[in-house]
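**Student:** Residue numbers 0 to 282, in numbering that gives the first Met the number 0, belong to the letters of the sequence shown in order.
Yeah, the Cβ is synthetic: ideal placement off N, Cα and C, and Gly gets one too.
If you're wondering where the values come from, they're calculated on a predicted model, not measured in any experiment.
First, the structure itself, so that you have it in front of you.
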Amino acid sequence: MSAATEVQVQGGIRTGDARGGSATGGTGGSAQVVTNVFVESGYDIHELVNAYNFAKIRDVSSDDYLHVDLAPSYGGLSKESIKLLDSNLKVMIAGTVRMIKKIPPSQRKWKTIEQAFTENNLVESSGEPVHRKNMLLKKEVHAFKMSGAADVKLWFHNLVNDSDVLAATPISIEELAEIVAWSGATFTDIGTAIYKAEKHEKKIMDIGILRFPDSIHPYFKVYHISLKAWSYSSRVVAVQSDNNGIEGEFYSRIFKPRKEILAKMNPEVIQKAVSEAESMFDD
Numbered sequence: 000m001s002a003a004t005e006v007q008v009q010g011g012i013r014t015g016d017a018r019g020g021s022a023t024g025g026t027g028g029s030a031q032v033v034t035n036v037f038v039e040s041g042y043d044i045h046e047l048v049n050a051y052n053f054a055k056i057r058d059v060s061s062d063d064y065l066h067v068d069l070a071p072s073y074g075g076l077s078k079e080s081i082k083l084l085d086s087n088l089k090v091m092i093a094g095t096v097r098m099i100k101k102i103p104p105s106q107r108k109w110k111t112i113e114q115a116f117t118e119n120n121l122v123e124s125s126g127e128p129v130h131r132k133n134m135l136l137k138k139e140v141h142a143f144k145m146s147g148a149a150d151v152k153l154w155f156h157n158l159v160n161d162s163d164v165l166a167a168t169p170i171s172i173e174e175l176a177e178i179v180a181w182s183g184a185t186f187t188d189i190g191t192a193i194y195k196a197e198k199h200e201k202k203i204m205d206i207g208i209l210r211f212p213d214s215i216h217p218y219f220k221v222y223h224i225s226l227k228a229w230s231y232s233s234r235v236v237a238v239q240s241d242n243n244g245i246e247g248e249f250y251s252r253i254f255k256p257r258k259e260i261l262a263k264m265n266p267e268v269i270q271k272a273v274s275e276a277e278s279m280f281d282d
């Protein structure tokens, strides 16, 4: 694969320059078996975010944005480290891969996976789902250009509030601030009308991720991030007021092994599942 290969991401808008070959996540290795069940051409979310050209979003005539229905995140999982996980986690991993394979590729979205987990007796939800929506507003367009990056970084980190998710999705805060500033500058001129009000929105990102277990995070995590820039301008006689900002939504839910069910499983079935999980990073 060349250094800048166009990768089609099924189920949405989206093309992006992809670098590298098979999916890797953090210190993880390439997961040949697992990536067959994802629709994003085998790339993990870290690669997809890094490879996407956010400059495309600045084209006012285009509705292009980073849209990933479902991509994996492997964290510290690798060919060596997966063998060190306990058997319950390995059985859960193998069972989850089988579960996803049963879902038609066009329906493999984060919400579908979450629902499938709730119907899978090998796993159980851990704690309550996390759901946050927040908005960062500035009164003038130039405010994002002057000091927007620091504000956007704090806002985004508070929205997600999960260091593991932030590490897996290396979004450029500077690019986010520039996109929001650009969106406001693009849409704020509403002419010479005595009274007029306009609101415009521009999607930036809509991504769904399945985080695989590793030794530090012994559970599956399904999560979703959506971001959009918007501007609102109003004019009364000769006075025009401009507001613009960024709106975000974050959702995550954790699933862990259901130990009482796994304890009753046939040892031969457990061993087969363990072998399947341990082979997922094989070439």
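1. In terms of residues, what are the limits of the beta strand (DSSP E) holding Val-129?
2. Where does Pro-169 fall in DSSP's three states?
3. With C-beta atoms as the reference, is Trp-229 less than 8 Å away from Gly-247?
4. Below 6 Å CB to CB, which residues in the same chain sit around Phe-211 once its five sequence neighbours on both sides are set aside?
5. Pick helix, strand or coil for Lys-108, following the three-state DSSP scheme.
6. Taking its Cβ as the centre, do 16 or more other Cβ atoms sit within 10 Å of Ala-30, making it buried, or is it exposed?
7. Specify the secondary structure class of Ser-162 as computed by DSSP and reduced to three states.
8. Buried or exposed, going by whether 16 or more other CB atoms sit within 10 Å of the CB of Val-96?
9. What's the call for Asp-281, buried or exposed, on a 16-neighbour Cβ count within 10 Å?
10. Is it the case that the Cβ atoms of Val-90 and Leu-121 are separated by a distance below 8 Å?
11. Assign Val-268 to buried or exposed, taking buried as 16 or more other Cβ atoms, counted over all protein chains shown, within 10 Å of its Cβ.
12. Sorted by chain position, which residues of the same chain lie with C-beta nearer than 6 Å to Asp-205's C-beta, five sequence neighbours on each side aside?
13. Take Ala-176 as the anchor and find which of Asp-161, Thr-168, Leu-136, Leu-209 has the nearest alpha-carbon.
14. Considering Cα atoms alone, identify which of Glu-118, Asn-49, Phe-155, Ala-149 is closest to Asn-133.
**Tutor:** Quick answer:
1. Element bounds for Val-129: 129-137.
2. Annotated three-state conformation of Pro-169 is coil, per DSSP.
3. No, the pair does not count as a contact, with Cβ atoms beyond the cut-off.
4. Cβ within range, chain order: Tyr-73, Leu-76.
5. Here Lys-108 carries a coil assignment [DSSP, helix/strand/coil].
6. Only weak support exists for where Ala-30 lies, its pLDDT of 49 falling under 50; the value from the coordinates is given anyway. The residue is buried, with at least 16 neighbouring Cβ atoms inside 10 Å.
7. In this structure, DSSP gives Ser-162 a helical state, which the three-state scheme calls helix.
8. The residue in question, Val-96, is buried, as its Cβ has 16 or more Cβ neighbours within 10 Å.
9. Result: exposed.
10. Result yes, Cβ atoms of Val-90 and Leu-121 sit closer than 8 Å.
11. It counts as exposed.
12. Excluding residues up to 5 positions away in sequence, His-66, Ser-225 lie with their Cβ nearer than 6 Å to the Cβ of Asp-205 in the same chain.
13. Of the residues Asp-161, Thr-168, Leu-136, Leu-209, the one whose Cα lies closest to the Cα of Ala-176 is Leu-136.
14. When C-alpha distances from Asn-133 are compared across Glu-118, Asn-49, Phe-155, Ala-149, the shortest belongs to Phe-155.
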